[in-house]
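Worksheet for the structure shown next.
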Amino acid sequence: MNKLNKVKKKFRKKLDRKFKKEIFQMLYKFFCILPINHNKISILSDSRTTLSDNFRFVYDELEKRHNYEYYFLLKGSVQTRKRYLEIIKLAYNIATSKVIMLDDFYPMIYPLKIRKNADLVQIWHAVGAFKTFGYSRVGKVGGPNPNSLNHKNYTKVIVSSSKVAPFYAEGFGVSVDKVVPTGVPRTDIFFDEIYKKEKKEHLYAKHPELEGKKVFLYAPTFRGNGQTSAHFPAEMLDLDRVYEKLDDNSIFLIKMHPFVKKKVHIPVEYRDKIKDYTKYPSVNDLLFITDVLITDYSSVCFEYALLNKPMIFYCFDLEEYIETRDFYIPYQDFTPGPIVRTCDDMIDKVMELKDVEKVDYKAFTDKFFESLDGKSTEHVADLIDSCMTSKS
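Numbering (this note's numbering), first residue to last: 962 to 1353.
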């Protein structure tokens, strides 16, 4: 019976692969015979199961303006299985939508030739650009094959600033004229005082242990080449030393990158001052109550800079990261805060900065944000509207 089950499982996997690739692409070509629905938008993700972050902001704005039709397929991972009926519907909707919106890597769509009168718009999920990605990593471990089709069929890519447009063009393998500095929708909340106040009140109501405390948020990026290999060396965060140096008025929150699946183990006796908030849905909302941010190579530093509060860059593996990933801008020239190399130095610097209320990041934000008007969502919605009405 076990042998039979293994044979069935192997056959199912083989059929799944065939359906996701060959049959899906054949279906897409067939459905391209049909006319494009000039009122339909497809919203696709292999990184989230709910309509959130940039997608949510843009969708809400478009809903206020128009009565567009929408097709959604949201999965939590590229490894999450798509049912055969979902794949058929996906092929049909991509072929007949006027605009297809993505927010991350979406491998099924890259072999497809996007129809002449349609647009594939990469909304992306991060702000700014400083660590290399995509085709900027050709030749490095985990880097792509230069002949790969991944990303190259985008017709539009949104970015936070014209200064980072060349980096995105290179990373995605598209011409720079396809990269549009609209600003990033998820940053609009940093200019909305009512939103910030409500989110802080909501957080304190749900987590009263945070109110009145100095909150230090540790939000590093993952190590590895993507979702499937993402990890974080937890031993580099010495919780014994962190707990020892925290005073009674301080709380240390940990929010790992969503790609990192291994949970941080916090000893029971430390949980009054050290807490794992990895599953909290929005890191941006946590930033509003954070007094000092500790990160490394994560793009969260761009959003946090909009709050003008101190941040620290804990980079225990900087040389290795430069060798395997590298940066568009030399790391020491990029960082708008102190760089530390050990956990002891990190927590010492945190305690040193805990009472600093304001930091001037103007030179940094001017470089990485096209405009600081809190209207990025409107700019992206304008772009989508122009795609929807375009005849070419």
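Glycine included, C-beta positions come from ideal geometry on N, C-alpha and C.
- The Cβ atoms of M1349 and V1060 sit closer than 8 angstroms to each other.
- Contact annotation: the stretch 1174–1182 touches the stretch 1252–1260, with at least three C-beta pairs closer than 8 angstroms.
- Taking all protein chains shown into account, T1303 has fewer than 16 neighbouring C-beta atoms within 10 Å of its C-beta and is therefore exposed.
- A straight-line Cα-Cα distance of about 36 angstroms links L1267 and N1106.
- Annotated as proximal: M1062 and S1003, with beta-carbon spacing under 8 angstroms.
- For G1089, the closest of F1288, V1135, Q1293 and N963 by C-alpha to C-alpha distance is F1288.
- Shown here, N1000 sits in a strand according to DSSP, grouped into three states.
- Note that the stretch 1179–1190 does not touch the stretch 1146–1165; fewer than 3 beta-carbon pairs, one per stretch, sit closer than 8 angstroms.
- The Cβ atoms of Y1322 and P1291 do not sit closer than 8 angstroms to each other.
- Between the stretch 1164–1173 and the stretch 1130–1139, the count of Cβ pairs shorter than 8 angstroms is below three; the stretches do not touch.
- Three or more pairs of CB atoms, one per stretch, sit closer than 8 angstroms, so the stretch 1306–1324 contacts the stretch 1266–1286.
- R1184 is positioned such that its CB atom lies closer than 8 angstroms to that of H1192.
- Look at the stretch 1270–1317 and you find these whole runs of alpha helix (DSSP H), each 4 residues long or longer: 1279–1285, 1292–1295 and 1304–1314.
- Annotated three-state conformation of F1094 is coil, per DSSP.
- Contact between I1283 and P1299 does not hold, since their C-beta atoms are separated by about 18 angstroms, which reaches or exceeds 8 angstroms.
- By the neighbour-count criterion, in which 16 or more other beta carbons inside 10 Å mark a residue as buried, G1144 falls on the buried side.
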